[in-house]
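In my numbering, the protein residues as written are 141 to 493. Notes to accompany the following structure.
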Ligand code: NAD
Ligand code: DAU
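In structure tokens form, the structure reads like this:
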């Protein structure tokens, strides 16, 4: 079976490729990725010589790029990870999010529809987020039936892509499934996202920016568990269905940051606590207060549940980033430095004034 994995050079996509190549010897992977600032082929270095893995550079929003790959390889299924994925970047520049996440998903669906024809075996799996549901208050959790209510240009563009996938399923009888997952953490995550960013700031002994009062809550899932959920849904999920995926692991941001300070300090045998680096900065506009996933559907119907508990996952993650300092330094490009200074210098300044 030949799978087209889009966005496979990013965080979750590259973890998924490693996972699926390892556990399914019958699978061949075509990794189709534009290699934006977030795409990094170093993540897949060890697969370069694997005959079941091929990389093609291309843009999901360019019909010709997508057609070329379908023409060249007989594709049996698509898993669409490709996206602009960072909320803060979507606030600084929303249009690239609309282009890739909405137009890109539409282009991919449209080409897949043509090539898959009426073959009901050929599945299109769209990777999405719990952010499409908007914000929760102190209680409750997102179910598959929760109405969409996105707050950021990122989550609105992901909501748009989910609607398109469902619409192509209903209108053109395509075999589609969607997974909406909570916050992932683990190896190969770009250091603009909370956990790897904070680890890097602690190592460098620099201010750690915490938005607002750090009271916002996210429901964390170790990336390997997400990959296992995607595998289950791709092979066993029901046509036309959506599955929520989450770790049953709600944490306040400030608790995560404190924990990371303590874990890194211990590992580096530091005498002074890095908690002194914590700096409360201006809040993210439209910042969703809390996310929590009800994962009872995927648990009941497909037998998936998270296996890595939060404390164990965080220790493994800290260890990975400390051992892979070169990976972090290599991915921090000029583009990232520009984004970081725009983002944080303003936030830090506004906090002090
Ligand atoms: P990421 O930013 O690390 O990786 C995205 C990848 O997509 C990169 O390799 C990038 O080069 C590629 N890409 C971007 N635009 C492209 C385009 N036009 N054509 C082809 N490739 C393109 O993202 P991630 O964190 O790995 O997220 C992957 C998917 O999972 C996204 O769809 C995201 O919305 C979703 N998701 C992420 C999380 C999370 O916590 N990170 C949680 C739930 C869902
Ligand atoms: O919920 C799933 C989503 O999780 C995915 O769809 C997104 O692709 C992914 O980026 C992630 O979005 P978040 O906005 O929740 O993740 P981020 O790591 O950017 O922020 C996590 C929380 O930490 C959030 O409440 C904002 C806060 N934060 C973030 C950064 C980068 C800070 O306080 N300081 C920071 O420097």
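Just so you know, even glycine gets a beta-carbon here, dropped at the ideal spot from N, CA and C. In this text the structure is predicted, and so the values were computed from the model without any measurement.
Closer than 7 Å to some heavy atom of ligand 1: that does not describe the Cβ of residue 334. Taken through DSSP and simplified to helix, strand or coil, residue 144 comes out as strand. The nearest non-hydrogen atom of ligand 2 is less than 7 Å from the C-beta of residue 226. The bridge partners DSSP lists for residue 195 are 171.
Residue pairing by DSSP puts residue 217 in a beta bridge opposite 143, 263.
According to the DSSP assignment, residue 390 belongs to the beta strand (DSSP E) that extends over 390 to 392.
Counted as a single uninterrupted DSSP element, the beta strand (DSSP E) harbouring residue 420 occupies residues 418 to 421. One thing to note: residue 373 has its Cβ within 8 Å of the Cβ of residue 265.
Taking C-beta atoms as the reference points, residue 428 and residue 299 fail to come closer than 8 Å.
Secondary structure note for residue 358: its beta strand (DSSP E) is the uninterrupted segment 357 to 359. Counting along the chain, the unbroken beta strand (DSSP E) around residue 315 starts and ends at 315 to 321. Taken from the Cβ of residue 427, at least one heavy atom of ligand 2 lies inside 7 Å. Ligand 1 has no heavy atom closer than 7 Å to the beta-carbon of residue 372. One Cα belongs to residue 481, the other to residue 286, and the distance between them is close to 37 Å.
Below 8 Å, enough C-beta pairs join the stretch 315 to 327 and the stretch 447 to 457 to call them touching: three or more. In the structure shown, the three-state DSSP call for residue 160 is helix.
Non-local beta-carbon contacts of residue 214 in its own chain, meaning distances under 7 Å to residues more than five positions away in sequence, involve 142 in chain order. Across the structure, residue 283 and residue 434 are spaced so that their CA atoms are roughly 5 Å apart. Placement of the Cβ of residue 173 at a distance of less than 7 Å from at least one heavy atom of ligand 1 is found. Secondary structure at residue 348: strand, using DSSP grouped into helix, strand and coil.
Around the beta carbon of residue 240, a 10 Å sphere encloses 16 or more other beta carbons of the protein chains shown; the residue is thus reported as buried. Spatial neighbours of residue 232 in its own chain (CB-CB distance under 6 Å, excluding positions within 5 residues in sequence) are not present. Contact between the stretch 183 to 202 and the stretch 381 to 395 is absent, with fewer than three C-beta pairs closer than 8 Å. The three-state secondary structure of residue 184, taken from DSSP, is helix. DSSP places residue 408 in the coil class of the three-state scheme, outside both helix and strand. DSSP, read as helix, strand or coil, puts residue 229 in helix. Ligand 1 never approaches residue 282 closely enough for any of its heavy atoms to be under 7 Å from the residue's Cβ.
Remark: the shortest separation between the CB of residue 146 and any heavy atom of ligand 1 falls under 7 Å. Taking the Cβ of residue 260 as the reference point, every heavy atom of ligand 1 lies at 7 Å or farther away. Straight-line spacing of the CA atoms in residue 217 and residue 346 works out to 45 Å. Boundaries of the alpha helix (DSSP H) around residue 211: 203 to 212. In terms of Cβ geometry, residue 270 and residue 386 form a close pair [threshold 8 Å]. Ligand 1 has no heavy atom closer than 7 Å to the beta-carbon of residue 367. Residue environment for residue 184: buried (at least 16 other C-beta atoms within 10 angstroms of its C-beta). Per DSSP, reduced to three states, the secondary structure at residue 279 is coil, with no helix or strand assignment.
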